[in-house]
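In UniProt numbering, the protein residues as written are 1 to 557. Yeah, the Cβ is synthetic: ideal placement off N, Cα and C, and Gly gets one too. Worksheet for the structure shown next.
Here you go:
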């Protein structure tokens with residue numbers, strides 16, 4: 001079949017060959033213009049150097065300089081226009097050959113643009129450009145995969161509360177409301193049809209029915225009073241980045257909350273002591289002194305001031321008060337005040353059963369390392385397919401504590417499947433970043449540092465890698481409701497030499513289920529700048545609420 005001819009705006013038919021020639025003329029024009037521009041740049045640069053030289057020796061003939069500048073300006077404007085106009089006119093075909101030069105430049109440009117629009121051409125240059133564009137597009141797509149953007153799935157809206165129930169709950173005292181909530185939780189209805197299409201994924205919870213009912217009651221009942229006492233920076237000034245960011249983010253979101261916070265302490269079920277353990281360290285700790293007593297005394301004096309100024313602490317001896325502290329020293333700072341240590345609810349990252357942590361009363365706070373405070377969700381998600389993960393287990397970090405040196409002693413450079421490093425070197429990170437290592441590994445090793453907690457546990461969940469936790473006596477975060485066996489592996493410190501053997505003994509089916517559970521539990525560990533139901537802010541608050549209910553004794557009837 002003969003190629004279809006295109007029609008020129010003048011009415012003449014054109015063959016594809018003439019169209020291609022016309023298109024090639026476009027590139028010839030660009031080449032001529034570029035060469036002319038480069039020549040003019042060289043001349044201008046030479047004149048400018050001569051001007052500087054003569055100015056230095058004060059030998060400037062200003063009349064000649066003005067004349068040369070005028071000539072160059074006119075040449076720079078007129079000459080390219082004349083040449084390009086002539087070249088464009090000579091490239092358009094007319095019925096008798098070349099188009100008449102009497103056509104003005106505007107008409108020639110119009111015809112040229114119409115011709116190219118109606119009959120695009122393919123040349124060597126354009127094919128190279130298309131290949132380059134495709135390569136750049138692939139690079140951008142790969143970069144997007146590297147800097148993963150989390151697709152946020154919004155939870156279902158809150159269930160509306162009937163008016164009669166609202167009136168009933170409002171008629172109850174704070175203690176009576178807690179009793180009501182505890183009875184309701186003990187008789188929680190069985191949650192059915194919780195499958196893959198549900199926002200709450202049953203396998204990652206110890207008891208999905210109890211959690212769902214407890215959470216709903218928290219939304220209906222809970223009111224928190226925040227003490228305004230205390231000066232910045234120790235109080236009311238959250239730090240939102242670093243490894244202690246969890247306490248800062250909770251403080252920020254709690255103080256900005258309108259759903260749970262009340263300004264009437266008589267109606268409150270919980271009382272928040274809004275201090276930052278990290279800010280307390282920066283303000284009072286003397287570097288290398290190893291003396292924490294000034295910090296403990298400061299917090300003791302603050303609680304005594306609260307107890308003398310308000311009646312609420314003495315009413316329950318602090319059992320309805322709570323603090324949130326992610327610093328390793330969090331448990332020790334409370335030791336100077338007996339009721340604060342024994343009665344108050346402490347949400348701590350350092351949740352060590354041997355160090356002033358009471359399971360069932362205190363809350364294990366997830367330690368989240370936030371690098372950029374304005375982007376707490378950066379890089380989350382994007383773990384590659386299991387079949388394409390070349391690494392069995394990965395760890396990189398500083399040699400804090402007693403467990404990490406033992407880990408390196410047995411596995412550093414001992415096995416290609418076990419990528420166990422100290423601090424990740426530039427040579428290694430140049431080929432594969434820390435984040436990409438985690439996303440390319442089946443298991444991420446999370447050994448304790450100086451204390452039992454580690455930000456790598458949450459990092460592994462963020463980057464969709466099954467966490468392997470090595471920390472004896474560690475109460476896992478949010479363990480009041482989460483079933484950690486479903487999405488993590490716990491290895492005793494004594495079993496570090498058998499680490500690879502333990503991991504290889506896990507069946508593939510079991511591993512795939514754990515990896516799926518990691519992805520499903522991920523949303524419960526996110527610091528959303530605008531909090532949403534079931535995210536980390538609400539999960540921490542729920543654990544505090546849940547443990548407060550654990551202390552309530554239902555009277556025998």
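Under the three-state reduction of DSSP, residue 199 is assigned to coil, being neither helix nor strand. By the neighbour-count definition (other C-beta atoms within 10 Å, threshold 16), residue 288 is an exposed residue. In this structure, residue 424 sits near residue 396, with a CB-CB distance shorter than 8 angstroms. Counting along the chain, no alpha helix (DSSP H) covers residue 418; the unbroken beta strand (DSSP E) around it starts and ends at 418–420. Per DSSP, the beta-bridge partners of residue 466 are 443.
The Cβ atoms of residue 344 and residue 319 lie closer than 8 angstroms to each other. In its chain, beyond the 5 residues on either side, 319 and 361 have a beta carbon closer than 7 angstroms to the beta carbon of residue 551.
Around the beta carbon of residue 385, a 10 Å sphere encloses fewer than 16 other beta carbons of the protein chains shown; the residue is thus reported as exposed. The count of Cβ pairs closer than 8 angstroms, one atom from the stretch 199–217 and one from the stretch 480–490, reaches three, so the stretches are in contact. Across the set 416, 420, 392 and 393, the C-alpha of 420 shows the shortest separation from the C-alpha of residue 405. Across the structure, residue 403 and residue 533 are spaced so that their CA atoms are roughly 37 angstroms apart. Nearest to residue 160 by alpha-carbon distance, out of 198, 338, 217 and 355, is 217. At the C-beta level, residue 246 and residue 333 stay beyond 8 angstroms of one another. By alpha-carbon distance to residue 489, the top candidate from 502, 455 and 479 is 502. Take the alpha-carbon of residue 168 and the one of residue 273: they are about 30 angstroms apart. Across the structure, residue 494 and residue 410 are spaced so that their CA atoms are roughly 12 angstroms apart. A straight line joining the alpha-carbon of residue 198 with that of residue 155 spans about 9 angstroms. Residue pairing by DSSP places residue 362 opposite 359 in a beta bridge.
If the five residues before and after residue 354 are omitted, its C-beta is found closer than 8 angstroms to the C-beta atoms of 473, all from its own chain and listed in chain order.
Across the structure, residue 232 and residue 316 are spaced so that their CA atoms are roughly 28 angstroms apart. As summarised for the stretch 223–292, the continuous beta strand (DSSP E) elements at least 3 residues long and confined to that stretch are 224–226 and 270–272, given in chain order.
One alpha carbon belongs to residue 539, the other to residue 235, and they sit about 23 angstroms apart. Assignment of beta-bridge partners to residue 395 by DSSP yields 420. In the DSSP assignment, residue 410 falls within the unbroken alpha helix (DSSP H) covering 403–411. In this structure the stretch 515–534 does not touch the stretch 297–306; the number of beta carbon pairs closer than 8 angstroms is below three.
One Cα belongs to residue 506, the other to residue 359, and the distance between them is close to 29 angstroms. The C-beta separation of residue 470 from residue 446 comes to about 7 angstroms, placing the pair in contact by the 8 angstroms criterion.
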